[in-house]
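Student: This structure is in structure tokens; I'll ask about it shortly.
Protein chains: 2
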Amino acid sequence: MTPGILLRTGATALVLAVGATALHAGDIAEYMDFFEPLPALPPIPAGNSLTAEKIELGKMLFFEPRISGSGVISCATCHNPALGWSDRIPTAVGHDGQVGNRNTPTVLNSGFLESQFWDGREPDLEGQALGPIQAEIEMNMELGAAIRRLKEFDIYHEHFAVAFPGEDDPIRAENIAFAIASFERTLNTPNSPFDRFLRGDEGAMTSQQVDGMKLFVDAGCVACHNGPALTDSNFHRFQLPGSTDEGRFVVTGDDADMFAFRTPTLRNVAVTYPYFNNGSVDRLQDAVQLMGQQMLGQDFSDDELDSLVAFMHALTGEMPAVTIPALP
Amino acid sequence: MTPGILLRTGATALVLAVGATALHAGDIAEYMDFFEPLPALPPIPAGNSLTAEKIELGKMLFFEPRISGSGVISCATCHNPALGWSDRIPTAVGHDGQVGNRNTPTVLNSGFLESQFWDGREPDLEGQALGPIQAEIEMNMELGAAIRRLKEFDIYHEHFAVAFPGEDDPIRAENIAFAIASFERTLNTPNSPFDRFLRGDEGAMTSQQVDGMKLFVDAGCVACHNGPALTDSNFHRFQLPGSTDEGRFVVTGDDADMFAFRTPTLRNVAVTYPYFNNGSVDRLQDAVQLMGQQMLGQDFSDDELDSLVAFMHALTGEMPAVTIPALP
Numbered sequence: 001m002t003p004g005i006l007l008r009t010g011a012t013a014l015v016l017a018v019g020a021t022a023l024h025a026g027d028i029a030e031y032m033d034f035f036e037p038l039p040a041l042p043p044i045p046a047g048n049s050l051t052a053e054k055i056e057l058g059k060m061l062f063f064e065p066r067i068s069g070s071g072v073i074s075c076a077t078c079h080n081p082a083l084g085w086s087d088r089i090p091t092a093v094g095h096d097g098q099v100g101n102r103n104t105p106t107v108l109n110s111g112f113l114e115s116q117f118w119d120g121r122e123p124d125l126e127g128q129a130l131g132p133i134q135a136e137i138e139m140n141m142e143l144g145a146a147i148r149r150l151k152e153f154d155i156y157h158e159h160f161a162v163a164f165p166g167e168d169d170p171i172r173a174e175n176i177a178f179a180i181a182s183f184e185r186t187l188n189t190p191n192s193p194f195d196r197f198l199r200g201d202e203g204a205m206t207s208q209q210v211d212g213m214k215l216f217v218d219a220g221c222v223a224c225h226n227g228p229a230l231t232d233s234n235f236h237r238f239q240l241p242g243s244t245d246e247g248r249f250v251v252t253g254d255d256a257d258m259f260a261f262r263t264p265t266l267r268n269v270a271v272t273y274p275y276f277n278n279g280s281v282d283r284l285q286d287a288v289q290l291m292g293q294q295m296l297g298q299d300f301s302d303d304e305l306d307s308l309v310a311f312m313h314a315l316t317g318e319m320p321a322v323t324i325p326a327l328p
Numbered sequence: 001m002t003p004g005i006l007l008r009t010g011a012t013a014l015v016l017a018v019g020a021t022a023l024h025a026g027d028i029a030e031y032m033d034f035f036e037p038l039p040a041l042p043p044i045p046a047g048n049s050l051t052a053e054k055i056e057l058g059k060m061l062f063f064e065p066r067i068s069g070s071g072v073i074s075c076a077t078c079h080n081p082a083l084g085w086s087d088r089i090p091t092a093v094g095h096d097g098q099v100g101n102r103n104t105p106t107v108l109n110s111g112f113l114e115s116q117f118w119d120g121r122e123p124d125l126e127g128q129a130l131g132p133i134q135a136e137i138e139m140n141m142e143l144g145a146a147i148r149r150l151k152e153f154d155i156y157h158e159h160f161a162v163a164f165p166g167e168d169d170p171i172r173a174e175n176i177a178f179a180i181a182s183f184e185r186t187l188n189t190p191n192s193p194f195d196r197f198l199r200g201d202e203g204a205m206t207s208q209q210v211d212g213m214k215l216f217v218d219a220g221c222v223a224c225h226n227g228p229a230l231t232d233s234n235f236h237r238f239q240l241p242g243s244t245d246e247g248r249f250v251v252t253g254d255d256a257d258m259f260a261f262r263t264p265t266l267r268n269v270a271v272t273y274p275y276f277n278n279g280s281v282d283r284l285q286d287a288v289q290l291m292g293q294q295m296l297g298q299d300f301s302d303d304e305l306d307s308l309v310a311f312m313h314a315l316t317g318e319m320p321a322v323t324i325p326a327l328p
């Protein structure tokens with residue numbers, strides 16, 4: 001266990017003394033200080049104001065399979081609302097059944113992340129949105145072709161015009177990204193038992209879940225899993241057994257980034273299995289044990305594992321109520 | 001124009017005199033007698049009573065991609081709720097991107113059809129439901145594997161048990177079909193302008209749509225497109241330019257069935273393009289013209305086409321309000 005942990009909360013970095021001597025069983029408030037309830041919305045970037053028109057258009061585009069080469073794959077294929085806005089298979093299956101090498105991250109609360117993709121190669125959702133459309137093993141459509149496809153429909157002309165008023169030719173790549181990112185920023189899961197507990201509803205978590213929360217702090221999990229989405233959005237080296245993925249190194253070429261992946265959010269972790277960059281671990285308790293061993297040098301006991309897993313179940317929030325759009 | 005048309009309405013066959021001499025512009029009521037508003041529910045088969053439990057389970061199975069070989073294709077992939085419960089591409093794209101040779105029929109109102117598939121090879125939705133799961137170019141999963149997959153989830157054990165009470169081993173193929181068919185029987189689109197017009201709301205259709213309705217009767221379209229779903233569920237020979245599909249002949253081996261296809265429903269036809277067995281016709285007016293030429297030996301004028309197409313737009317009903325299920 002690390003006695004001093006660098007904890008980043010928003011823009012503030014602070015060193016907190018963590019340990020059995022610093023915190024006692026009754027000091028729930030001090031444990032709770034490590035966390036914050038999920039806000040209703042993530043930060044909205046200055047360059048892409050959040051409007052109802054963009055959200056509505058973004059929803060249409062998110063569910064639009066005709067901006068894929070096959071005509072049947074949309075963002076919602078892998079980020080499936082029925083499956084925690086992910087796919088619950090080890091690694092993504094895309095165009096012509098091609099299998100990728102990374103697990104699909106959930107879109108839920110992704111607006112709270114400070115970098116996108118497992119390797120953080122895009123800084124924000126706007127940067128992320130256009131990647132899978134073009135990726136040959138995912139949706140496999142060139143942006144020019146996607147734009148031409150959208151322009152075939154009057155209703156897209158109308159929706160882009162109202163979402164991006166004053167533009168002569170609003171159906172363009174940047175606006176597709178703006179709209180999809182805007183929709184995604186609404187896909188948050190507030191009011192989990194954990195959030196309600198943090199807001200003062202002591203009965204919202206079971207005593208086992210509270211024990212898990214304490215252990216989560218005491219053991220040091222919170223060093224990386226902090227902030228509203230329980231991720232520092234930073235990169236940590238971690239060699240998953242069987243994985244040859246070089247992770248962040250692919251982006252930076254920096255040896256220090258070899259096998260480093262962005263800390264995933266733990267929000268809704270119980271419903272976004274399987275786990276890790278290659279989705280090779282199905283069970284949450286196995287994922288927690290592996291993390292304890294690799295990141296903390298610690299073998300959790302069965303009781304500890306049960307508490308941590310119970311706590312993670314308390315991180316499942318209210319799923320966004322998204323109605324299926326009627327596409328043209 | 002055929003002066004005497006064999007009109008099947010339910011179980012009753014009757015010969016009606018149709019023509020300019022029999023019906024006049026003012027005789028709206030007589031035209032309306034050819035039609036019936038869409039009932040709230042289709043006929044429920046004696047062997048598969050409709051229950052809330054089966055509907056809920058069926059919805060889960062309909063959206064469940066893990067009963068496909070790839071893990072990402074569900075019934076909802078091709079029967080996409082965002083796309084009129086069809087796919088709006090010429091022919092279906094399934095496992096590993098394989099392209100089928102027939103257009104995906106909409107699920108909407110399919111409980112009103114007296115046979116399923118373009119070639120009618122299954123009599124009912126129960127018979128239809130298991131086909132695409134197993135088809136190698138669609139979902140590509142053996143039923144045994146699908147059942148094993150479902151059995152991995154506690155929640156499916158629970159849902160099958162309450163949907164099929166008293167069974168020792170309810171997660172079985174027949175019950176999968178029963179549940180999916182039950183869900184599908186709820187996917188109906190009542191209260192179209194046409195339905196409201198038939199119920200007495202004279203302002204529900206425009207005068208052009210009313211003209212289209214009359215022409216639809218006078219020209220003889222109603223001979224095959226009748227009944228609540230505007231289909232006789234029968235098979236008619238029709239060689240679509242460019243199509244080599246032998247249609248119903250594949251099922252019966254009867255020469256009379258060569259190139260015969262089941263009359264498709266015209267309910268929601270404006271939102272279930274492209275048209276015909278190979279989805280080769282994009283525009284509704286072109287589809288109507290082609291039908292006039294092939295089935296009625298008639299070239300519609302531009303005005304007539306406009307009226308008929310306007311009428312068909314009046315057949316778009318209220319889409320079922322289906323929330324996306326939370327899958328395990």
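Just so you know, the sequences run in chain order A and B. Positions 1 to 328 (full-length UniProt numbering) are the ones given, in order, by the first sequence. Positions 1 to 328 (full-length UniProt numbering) are the ones given, in order, by the second sequence. For glycine and all other residues, C-beta sits at the position ideal for the given N, C-alpha and C.
What residue from A:D33, A:V322, A:V309 and A:I44 has the CA that sits closest to T189 (chain A)'s CA?
Tutor: For T189 (chain A), the nearest C-alpha among the options comes from A:V322.
Student: Kindly give me the distance between the Cβ atoms of G120 (chain A) and V251 (chain A), rounded to whole angstroms, as I take these residues to be in contact under 8 Å.
Tutor: So it is a contact: roughly 7 Å between Cβ atoms.
Student: List, from N- to C-terminal side, the beta strand (DSSP E) runs of 3 residues or more that fit wholly inside the UniProt domain "Cytochrome c" (53 to 184) of chain A.
Tutor: List check, beta strand (DSSP E) in window: nothing returned.
Student: Let me see if you follow: with CB-CB separation under 8 Å, is M139 (chain A) close to chain B or not?
Tutor: Not one chain B Cβ lies under 8 Å of M139 (chain A).
Student: Taking contact to mean at least 3 C-beta pairs separated by less than 8 Å, is the segment 273 to 282 of chain A in contact with the segment 81 to 100 of chain A?
Tutor: Verdict: yes, contact present.
Student: For the beta strand (DSSP E) that A260 (chain B) lies in, which residues bound it at each end?
Tutor: Looking at the DSSP string, the run of the beta strand (DSSP E) that includes A260 (chain B) is A260 to R262.
Student: When DSSP labels each residue in this structure, what does residue 334 (chain A) get in the three-state scheme?
Tutor: There is no way to answer for residue 334 (chain A), as the model of chain A reaches only from 1 to 328.
Student: Among A:N80, A:A52, A:N48 and A:P228, which has the Cα closest to the Cα of F62 (chain A)?
Tutor: Per the Cα distances, A:N80.
Student: Along the segment 32 to 65 of chain B, what residues have a CB closer than 9 Å to any CB found in chain A?
Tutor: Those residues of the segment 32 to 65 of chain B that come within reach of chain A (Cβ to Cβ, closer than 9 Å) are M60, F63, E64 and P65.
Student: Any beta carbon from chain E within less than 8 Å of M319 (chain A)'s own beta carbon?
Tutor: Of the protein chains in the structure, A and B, none is chain E.
Student: For R237 (chain B), write down the residues that DSSP places opposite it in a beta bridge.
Tutor: BP columns for R237 (chain B) point to B:A260.
Student: Rounded to a whole number of angstroms, what is the C-alpha to C-alpha distance between G317 (chain A) and L230 (chain A)?
Tutor: Roughly 13 Å between the two C-alpha positions.
Student: In chain order, what residues of the segment 177 to 206 of chain A put their CB closer than 7 Å to some CB of chain B?
Tutor: Within the segment 177 to 206 of chain A, no residue qualifies.
Student: Does the segment 47 to 63 of chain B come close enough to the segment 177 to 188 of chain B that 3 or more CB-CB pairs lie under 8 Å?
Tutor: With the cut-off at 8 Å, the segment 177 to 188 of chain B and the segment 47 to 63 of chain B touch.
Student: On the DSSP letters alone, give me the boundaries of the alpha helix (DSSP H) that Q292 (chain A) sits inside.
Tutor: The sequence as given places Gly at residue 292 (chain A); Gln does not occur at that position. Counting along the chain, the alpha helix (DSSP H) containing G292 (chain A) begins and ends at L284 to L296.
Student: Closer than 6 Å by C-beta to A310 (chain B): which residues in its own chain qualify, once you throw out the five before and the five after it? Chain order, please.
Tutor: Answer for A310 (chain B): Q208, Q209 and G212, listed in chain order.
Student: Thinking C-alpha only, which one of A:E53, A:D286 and A:R102 is nearest F261 (chain A)?
Tutor: Checking every option, the nearest Cα to that of F261 (chain A) belongs to A:R102.
Student: Going by DSSP, which residues form a beta bridge with G253 (chain B)?
Tutor: For G253 (chain B), which the question treats as bridged, DSSP gives no partner whatsoever.
Student: Going along chain B, which residues have a C-beta under 7 Å from L327 (chain A)?
Tutor: Going along chain B in sequence order, the residues near L327 (chain A) (Cβ under 7 Å) are A82 and L83.
Student: Terminal residues of the continuous alpha helix (DSSP H) containing I28 (chain B)?
Tutor: Unbroken alpha helix (DSSP H) run through I28 (chain B): I28 to M32.
Student: Would you identify the three-state DSSP class for V281 (chain B), choosing helix, strand or coil?
Tutor: V281 (chain B): strand per DSSP, three-state reduction.
Student: Of all Cβ atoms in chain A, is any one closer than 8 Å to the Cβ of A22 (chain B)?
Tutor: Here A22 (chain B) scores only 41 on pLDDT, less than 50, and its place in the model should not be relied on; the value that follows carries that caveat. Chain A, which has no Cβ nearer than 8 Å to the Cβ of A22 (chain B), makes this no.
Student: Reducing DSSP to helix, strand and coil, say where G220 (chain B) ends up.
Tutor: Of the three classes helix, strand and coil, the one that applies to G220 (chain B) here is coil, per DSSP.
Student: Express the C-alpha separation of N140 (chain A) and residue 331 (chain A) in angstroms, rounding to a whole number.
Tutor: Within the shown structure, residues of chain A are numbered from 1 to 328, placing residue 331 (chain A) beyond reach of any answer.
Student: Spell out the partners DSSP gives G242 (chain A) in its beta bridges.
Tutor: The partner list for G242 (chain A) (beta bridge, DSSP) is empty, contrary to what the question assumes.
Student: Starting from the C-beta of Q285 (chain A), find all residues in its chain whose C-beta is less than 6 Å away, skip the five residues before and the five after it, and write them out in chain order.
Tutor: The residues are L305 and V309.
Student: Can you tell me whether G227 (chain A) is helix, strand or coil according to DSSP?
Tutor: Reduced to three states, the DSSP call for G227 (chain A) is coil.
Student: Assuming contact is defined by CB atoms lying nearer than 8 Å, are I133 (chain B) and I44 (chain B) in contact in what I supplied?
Tutor: Not closer than 8 Å, so no.
Student: Select from B:A270, B:P320 and B:I324 the residue whose C-alpha is nearest the C-alpha of R88 (chain B).
Tutor: It is B:A270 whose Cα lies nearest to the Cα of R88 (chain B).
Student: From B:T244, B:A129 and B:G227, pick the residue whose C-alpha is nearest to that of T263 (chain B); which is it?
Tutor: Looking at the Cα atoms, B:G227 is the closest of the given residues.
Student: Would the C-beta of L41 (chain B) count as close to the ligand FAD, meaning under 7 Å from any of its heavy atoms?
Tutor: In the structure shown, the ligand FAD is absent, as is every other ligand, since no ligand is present at all.
Student: What are the boundary residues of the alpha helix (DSSP H) that includes D306 (chain B)?
Tutor: Counting along the chain, the alpha helix (DSSP H) containing D306 (chain B) begins and ends at D302 to H313.
Student: I want to see whether chain A comes within less than 8 Å of N95 (chain B), judged by CB atoms only; does it?
Tutor: According to the sequence shown, residue 95 (chain B) is His rather than Asn. H95 (chain B) counts as touching chain A.
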